[in-house]
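Top line first, the protein sequences correspond to chains A and B.
Numbering (UniProt numbering) for the first sequence: 1 to 190.
Numbering (UniProt numbering) for the second sequence: 1 to 190.
Glycine included, each C-beta is placed from N, C-alpha and C at the ideal position.
Encoded as structure tokens, the structure appears first; notes follow it.
2 protein chains.
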Amino acid sequence: MTATERRERQRAERHQLIITTARELAESEGWEAVTTRKLADKVEYSQPVLYGHFANMEAIRDAVAVECIGEMAEELRQARLAVPESEAIRAICTAYLDFAAAHPAAYQAMFSLPTKVKWASAETPAPLRAAFGEIVSAFGPFNDRNAELAELIWGSLHGMAVLLNSGRIPEEAQEQRLDLLVGLFANAPE
Amino acid sequence: MTATERRERQRAERHQLIITTARELAESEGWEAVTTRKLADKVEYSQPVLYGHFANMEAIRDAVAVECIGEMAEELRQARLAVPESEAIRAICTAYLDFAAAHPAAYQAMFSLPTKVKWASAETPAPLRAAFGEIVSAFGPFNDRNAELAELIWGSLHGMAVLLNSGRIPEEAQEQRLDLLVGLFANAPE
DNA sequence: CCCTAGATCTAGCAATGCTAGATTCGATAC
DNA sequence: GTATCGAATCTAGCATTGCTAGATCTAGGG
């Protein structure tokens with residue numbers, strides 16, 4: 001059975017290659033440039049091969065999104081553990097906004113473009129849970145209140161990321177804005 | 001010159017008809033169903049007529065977005081003026097989330113789908129300024145600090161709207177979440 | 001060495017955004 | 001009233017897209 005095993009492995013490698021290539025293409029030329037033909041060209045297979053791995057183009061973008069969310073979760077974790085607990089909230093916020101700024105196309109796929117990725121249900125992918133868990137952890141143990149705080153600050157961060165990306169907010173006042181945000185959430189009434 | 005005046009007026013009416021029809025189509029069937037052919041059919045003109053009014057499909061969606069933002073600004077204003085000043089923040093928040101829930105396609109065009117609408121520059125459309133101004137007003141007079149608070153709470157509201165719409169947040173805890181949000185921003189340190 | 005099953009490609013369909021060129025319509029001048 | 005000219009509008013079609021059916025090739029077992 002080693003033959004079919006190898007086939008399985010090669011198939012998995014190609015699956016990952018498609019995701020990686022789609023992400024690179026999106027980061028360098030924008031998501032509207034990620035077409036089935038261009039993507040098939042870059043991975044050096046024909047278009048139908050893509051459909052052997054994914055149901056459609058949207059599924060490919062969703063796969064990129066999930067991968068990127070996992071990556072961001074890891075960066076949030078690193079940032080949180082690198083500072084004393086009292087500074088965890090600020091560290092998480094900074095890491096979040098840095099990720100959004102560093103990978104705009106990835107961030108789009110994660111939170112702006114249409115998607116079929118479920119955030120709430122039973123089939124929510126593990127990386128999504130991990131990312132949310134990191135934000136909650138900045139507030140302390142996992143309970144209802146901290147989860148609510150996490151949802152709220154996440155919303156604020158998303159808003160800031162979008163506004164920053166669209167050039168609405170000047171980058172210079174960013175530190176001050178972060179101070180205000182962190183202050184609000186640190187002083188949250190019990 | 002009354003002839004050309006009438007032409008101008010009819011042209012403006014048709015311009016509005018296109019926007020209105022596009023919005024209706026989006027609300028009833030989703031934005032992916034708003035194609036040039038379907039839209040042209042509904043307004044009972046041929047496709048090229050659309051391009052006599054708008055540069056492309058995205059410009060039509062942007063026009064819908066601006067109109068809807070203006071509508072939301074008016075609803076925020078009504079909500080704010082209907083309650084004592086001390087409850088303005090909560091009133092604005094509720095009105096914002098209600099609008100997002102009541103007009104999901106409009107909300108998508110406003111804040112989720114790709115757009116060329118500028119929020120920050122000199123050519124920012126008046127309705128956008130009005131909407132932002134309403135949120136600022138909930139905090140008091142227009143100054144830097146209140147503008148920052150407005151940006152932050154706006155981000156939080158946007159996050160909540162998206163999460164609500166995608167089914168992530170259960171609707172039942174909504175009141176409690178609003179209490180938390182309003183409490184955070186009402187207790188903002190000077 | 002052949003034969004089958006799976007993997008892969010070629011070729012093409014339907015739908016999309018957008019536009020050039022033909023055609024129709026309406027206002028103006030005589 | 002009619003001819004003329006310009007604007008308004010449509011017909012027809014192009015290029016590109018996502019996606020797929022059917023042909024072709026290839027690897028692995030008998």
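Under 9 angstroms by beta carbon: chain B residues contacting residue i
i, result
"alanine 106/A", "Near alanine 106/A there are no residues of chain B at all, since even the closest Cβ is about 15 angstroms away, more than 9 angstroms."
"asparagine 187/A", "Leu184, Asn187, Ala188, Pro189"
CB contact below 8 angstroms: residue i versus chain A
i, result
"methionine 160/B", "yes"
"methionine 1/B", "Low per-residue confidence applies at methionine 1/B: pLDDT is 48, beneath 50, and the placement is therefore not dependable, though the value from the model is reported in the following sentence. For methionine 1/B, the answer is no, since every Cβ of chain A falls outside 8 angstroms of its Cβ."
6 angstroms CB neighbourhood of residue i in its chain, flanking five on each side removed
i, result
"arginine 23/B", "Val64"
"glycine 133/B", "none"
"valine 83/B", "Ala91"
"alanine 100/A", "Tyr107, Ala161"
"residue 191/B", "Outside the shown range of chain B (1 to 190) lies residue 191/B, about which nothing can therefore be said."
"arginine 77/B", "Glu134"
"valine 136/B", "Phe142, Asn146, Ala147, Ala150"
"histidine 15/A", "His53"
Interface residues of chain A facing residue i [CB-CB closer than 9 angstroms]
i, result
"leucine 163/B", "Trp119, Ala120, Glu151, Trp154, Gly155"
Within chain A, partners of residue i - CB distance below 8 angstroms
i, result
"glutamate 148/B", "Ala173, Gln176, Arg177, Leu180"
Contacting residues, own chain, Cβ-Cβ under 7 angstroms from residue i (five flanking each side not counted)
i, result
"threonine 124/B", "Lys118"
"glycine 70/B", "Pro127, Ala130"
"glutamate 75/A", "Ala95, Phe99"
"alanine 138/B", "Arg80, Ala88, Ile89, Ile92"
"threonine 36/B", "Gln47, Leu50, Met57"
"lysine 42/B", "Thr21, Leu25"
"alanine 188/B", "Leu149"
"alanine 105/A", "Ala26, Glu27, Gly30, Trp31"
"glutamate 5/B", "none"
"glycine 140/B", "Asn146"
Same chain only: Cβ atoms within 8 angstroms of residue i, ignoring 5 sequence neighbours per side
i, result
"leucine 163/A", "Ile169"
"cysteine 93/B", "Ile153, Leu157, Leu178, Leu181, Val182"
"proline 48/B", "none"
"alanine 79/B", "Ala91, Ile92, Thr94, Ala95"
"threonine 115/A", "Glu58, Arg61, Asp62, Ala65, Ala109"
"alanine 186/B", "Ile89"
"glutamine 10/A", "none"
"glutamate 151/B", "none"
"serine 121/A", "none"
Interface partners of residue i on chain B, CB under 7 angstroms
i, result
"serine 112/A", "Ser112"
When you check each C-beta in the region 165 to 180 of chain A against every C-beta of chain B, which residues fall closer than 9 angstroms?
-> The residues in question are Ser166, Gly167, Arg168, Ile169, Pro170, Ala173, Gln176, Arg177, Leu180.
Just list the alpha helix (DSSP H) runs in the region 69 to 135 of chain A, keeping only unbroken ones of 4 residues or longer that don't cross its boundaries, in chain order.
-> Complete alpha helix (DSSP H) runs here, min 4: 88 to 102, 104 to 111.
Length at least 4, wholly inside the UniProt domain "HTH tetR-type" (12 to 72) of chain B: the alpha helix (DSSP H) runs in chain order | As far as the UniProt domain "HTH tetR-type" (12 to 72) of chain B is concerned, its whole alpha helix (DSSP H) runs of at least 4 residues are 36 to 43, 47 to 53.
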